[in-house]
Amino acid sequence: MSDTASAGSIRSRTTVLVLWCTLAIALFISPPANIISWDIFGYYLYLPATFIHHDPTIQDISWVEQARELYKSSSTLYQAQERPTGGWVLKYPMGLALLWSPFFLMGHLTALLTDAPADGFSSPYQWSLIIGTLCYVLLGLWMLMNVLRLFFSDGITALSIGLVVLGTNYLHQVLYSTGMPHIFLFALQASLLWYTVLWHREHRMRHAIVIGFLIGVLCLSRPSEIVIVLIPLFFGMVSFRRWRDQAGLWWNARGQVLVVATLVLAVAMLQFLYWKKLTGRYLYMSYNNPGEGFDFLRPYLLEVLFSFRKGWYIYTPLMFVATIGLFRLRRVLPEWSVALPTFFVMNLYVIASWSCWWYADSFGQRALVQSYAVMALPLGALLVRSSEQGKAVRIGSGILVVALVMLNLFQTRQVATGSIHTSRMTWPAYKAAFLDPHPDVDLGSLWSLDRSQDLFLAPPDLVGYRRIPFAELLGPGHVGIPWERCNAGDHAFVEVHGKRSMDAHVPEGMKVVLSMRHGGYPYGERKAVLPATEGSALWYLTPEVRTPSDSLFVSVSGVGPDHITELHLYVQANAYDRPR
Numbered sequence: 153m154s155d156t157a158s159a160g161s162i163r164s165r166t167t168v169l170v171l172w173c174t175l176a177i178a179l180f181i182s183p184p185a186n187i188i189s190w191d192i193f194g195y196y197l198y199l200p201a202t203f204i205h206h207d208p209t210i211q212d213i214s215w216v217e218q219a220r221e222l223y224k225s226s227s228t229l230y231q232a233q234e235r236p237t238g239g240w241v242l243k244y245p246m247g248l249a250l251l252w253s254p255f256f257l258m259g260h261l262t263a264l265l266t267d268a269p270a271d272g273f274s275s276p277y278q279w280s281l282i283i284g285t286l287c288y289v290l291l292g293l294w295m296l297m298n299v300l301r302l303f304f305s306d307g308i309t310a311l312s313i314g315l316v317v318l319g320t321n322y323l324h325q326v327l328y329s330t331g332m333p334h335i336f337l338f339a340l341q342a343s344l345l346w347y348t349v350l351w352h353r354e355h356r357m358r359h360a361i362v363i364g365f366l367i368g369v370l371c372l373s374r375p376s377e378i379v380i381v382l383i384p385l386f387f388g389m390v391s392f393r394r395w396r397d398q399a400g401l402w403w404n405a406r407g408q409v410l411v412v413a414t415l416v417l418a419v420a421m422l423q424f425l426y427w428k429k430l431t432g433r434y435l436y437m438s439y440n441n442p443g444e445g446f447d448f449l450r451p452y453l454l455e456v457l458f459s460f461r462k463g464w465y466i467y468t469p470l471m472f473v474a475t476i477g478l479f480r481l482r483r484v485l486p487e488w489s490v491a492l493p494t495f496f497v498m499n500l501y502v503i504a505s506w507s508c509w510w511y512a513d514s515f516g517q518r519a520l521v522q523s524y525a526v527m528a529l530p531l532g533a534l535l536v537r538s539s540e541q542g543k544a545v546r547i548g549s550g551i552l553v554v555a556l557v558m559l560n561l562f563q564t565r566q567v568a569t570g571s572i573h574t575s576r577m578t579w580p581a582y583k584a585a586f587l588d589p590h591p592d593v594d595l596g597s598l599w600s601l602d603r604s605q606d607l608f609l610a611p612p613d614l615v616g617y618r619r620i621p622f623a624e625l626l627g628p629g630h631v632g633i634p635w636e637r638c639n640a641g642d643h644a645f646v647e648v649h650g651k652r653s654m655d656a657h658v659p660e661g662m663k664v665v666l667s668m669r670h671g672g673y674p675y676g677e678r679k680a681v682l683p684a685t686e687g688s689a690l691w692y693l694t695p696e697v698r699t700p701s702d703s704l705f706v707s708v709s710g711v712g713p714d715h716i717t718e719l720h721l722y723v724q725a726n727a728y729d730r731p732r
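By the count of the numbering used here, the sequence shown reaches residue 732 at its end, each step adding exactly one.
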């Protein structure tokens, strides 16, 4: 521990307060138009369902649809799925709703006392979530400051916090993705670090209780956060060779360990009971999209770290610097030299194993933002080592961190203005927009394929594609084609072309179903009716294909064999490699 760790905290406290006030002012000046939208809408629905409609299992979906349409929360209700036995299961777990509940109740009280609709979605509720976000921002930064001050000087603590906020996509999450779970999880992870250190120093039951609650809520918010248990499990170990000593510690404290485990299970039981009520099962996969899931045998490590679509080290290079700091822990922070690298590897592995490794719209890898509370420790360790070097190294390090902060601020602004796309970036687009506030090229032509429309009744722009016949159906039926046979890269346009007999009368046309299939289950499914006209056709853009072993599936029904003289299936495979 640094000798100056407790010598004063004016700089770190001032840094936290100035940063927080700056973020608060920015949000109040330019608040999100509708914070309760898209994924947040799904996380949030538990609250109005429970406290306003007294319908936590959503037996009546009409109020949800009404709110979605009135407030334009999302284009479809992808956040829930209907159960055959009644009710709707929400896609996202309830942890965030638990964290939001005090602020929701504050918003509800405000709505009841004013003329605002007390429907769970009007302005008071919107502002309650913004205020809640700022409260958790302050909690997270303050707890992180407390942790860092235990091990570093006040100056290193202040610098580390400033770099995390201004030099990473944490800033974008607060200002432009307000309400997403990562800022809240950051606060919980920072709090867990603090109570982990306190427990290992004092072994008090009250600290164990808080640790159990924090881990439980983290897992209740995002089940993949279970890897955070590695922090309290391995803190204090300086080498894996000391595992016997660590095991002895846990055995001697087995009563408190049991309390932690019981609390984690008790908090998780809230979700289990919800699933049991709706599905009859304690464990249920609410992500009802076979196109997404964990592929633990083929993690997307290179894409997550280095792709120009969402590479962590590309868009948040400061975290590459922090990663280097992991190799300095043994000398600067020996008590963290096992816990932090172990957590880093396992957390990265889990996040990179999700098949939708770009995590939809965001700046950089948003799924790693909550772990910046942990990564602030190796970052601080590297800053300590740099400060101990000669003048040239200190100056060079200072120039580097300033440059990385300026790059992050500039690119955060570019995301806001649209120069950096939140899901379709490529190397050509990145190169054209790099450090250029007003690129003089059409960036849209350099981004990866626009998938906002995936079904066409008129030919899309297929310049640069090749037409490959795959199958001929001379009657109703279906065909499944392994994606590997399509040789189509990351997408294809599927053309279904029908030609009815001239003497046939097919008033309703041919019913066509197109999808990709993973493990026999469809995703990206689209249904259409091919008009009963001479030479009618439709085109289908495949979704992001999960694995090469998935199959393209086309089904035709609603007509008899004598009504069709020609039906062809073509794959419009991309003739050149688009950057991912």
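A virtual CB, placed ideally from N, CA and C, is assigned to each residue, including glycine.
Small disclaimer: the values here were computed from a predicted structure and weren't measured.
Own chain, CB closer than 6 Å to residue i, minus 5 neighbours either side, in chain order
i    : result
T262 : P276
V819 : Since the first and last residues shown for the chain are 153 and 732, residue 819 lies out of range.
L264 : A270
8 Å contact criterion, which residue i and residue j should meet: CB distance rounded
i    : j    : result
L350 : V369 : 18 Å between Cβ atoms; not a contact.
L344 : I367 : 7 Å
L704 : L607 : So it is not a contact: roughly 15 Å between Cβ atoms.
L372 : A420 : 6 Å
R518 : M332 : 7 Å
F193 : S226 : 6 Å
A365 : G292 : A quick correction: the sequence has Phe, not Ala, at residue 365. The Cβ separation is near 16 Å, so there is no contact.
F622 : V708 : The Cβ separation is near 14 Å, so there is no contact.
H324 : F515 : 4 Å
H670 : T699 : 7 Å
Assigned exposure category for residue i - 16 Cβ within 10 Å defines buried
i    : result
H334 : buried
I547 : exposed
C173 : exposed
Y434 : exposed
M558 : exposed
G313 : For the record, residue 313 in the displayed sequence is Ile; it is not Gly. Flag for I313 reads buried.
R220 : buried
G463 : buried
S182 : exposed
P611 : exposed
R461 : buried
P442 : buried
I380 : buried
P375 : exposed
H630 : exposed
Y196 : buried
H590 : exposed
Spatial distance of residue i from residue j (CA atoms)
i    : j    : result
M437 : A310 : 42 Å
T209 : M246 : 12 Å
W599 : A585 : 11 Å
W402 : F386 : 10 Å
T494 : L601 : 37 Å
T468 : Y244 : 27 Å
D267 : W509 : 44 Å
D155 : I283 : Summary for D155: the model assigns pLDDT 45, below 50, so the residue's position carries little reliability; its value from the coordinates is reported in the next sentence. In a straight line, the C-alpha of D155 is about 37 Å away from that of I283.
Q541 : S549 : 10 Å
L457 : Y465 : 5 Å
V362 : S539 : 35 Å
R396 : M389 : 10 Å
L430 : G238 : 8 Å
A725 : I633 : 14 Å
N639 : Y426 : 43 Å
T348 : I187 : 33 Å
K679 : A342 : 47 Å
R353 : V697 : 50 Å
Contacts around residue i, its chain only, beta-carbon distance under 7 Å, and the 5 residues preceding and following it disregarded
i    : result
W215 : H205
L485 : F303, L529 and A533
P451 : Y501, A504 and S505
L199 : A249, W252, S253, F256 and G272
V545 : S538
Close-in-space but distant-in-sequence residues of the same chain around residue i (CB under 8 Å, 5 per side omitted)
i    : result
D588 : S571
H355 : A405 and Q408
M577 : F460, R461, K462, W599 and S600
In chain order, what are the residue ranges of uninterrupted alpha helix (DSSP H) at least 4 long that sit wholly in the segment 271-302? 275-301
Quick one: complete alpha helix (DSSP H) runs, 4+ long, within the segment 430-486? 453-458, 464-467, 470-477 and 481-484
Just to confirm the assignment: which complete beta strand (DSSP E) runs, minimum length 3, are found wholly within the segment 594-656? 617-624, 629-634 and 644-652
Curious, which full-length alpha helix (DSSP H) runs of at least 4 residues does the segment 213-259 contain? 214-222
Ignoring anything shorter than 3 residues or poking outside the segment 508-563, list the beta strand (DSSP E) runs there in chain order. none
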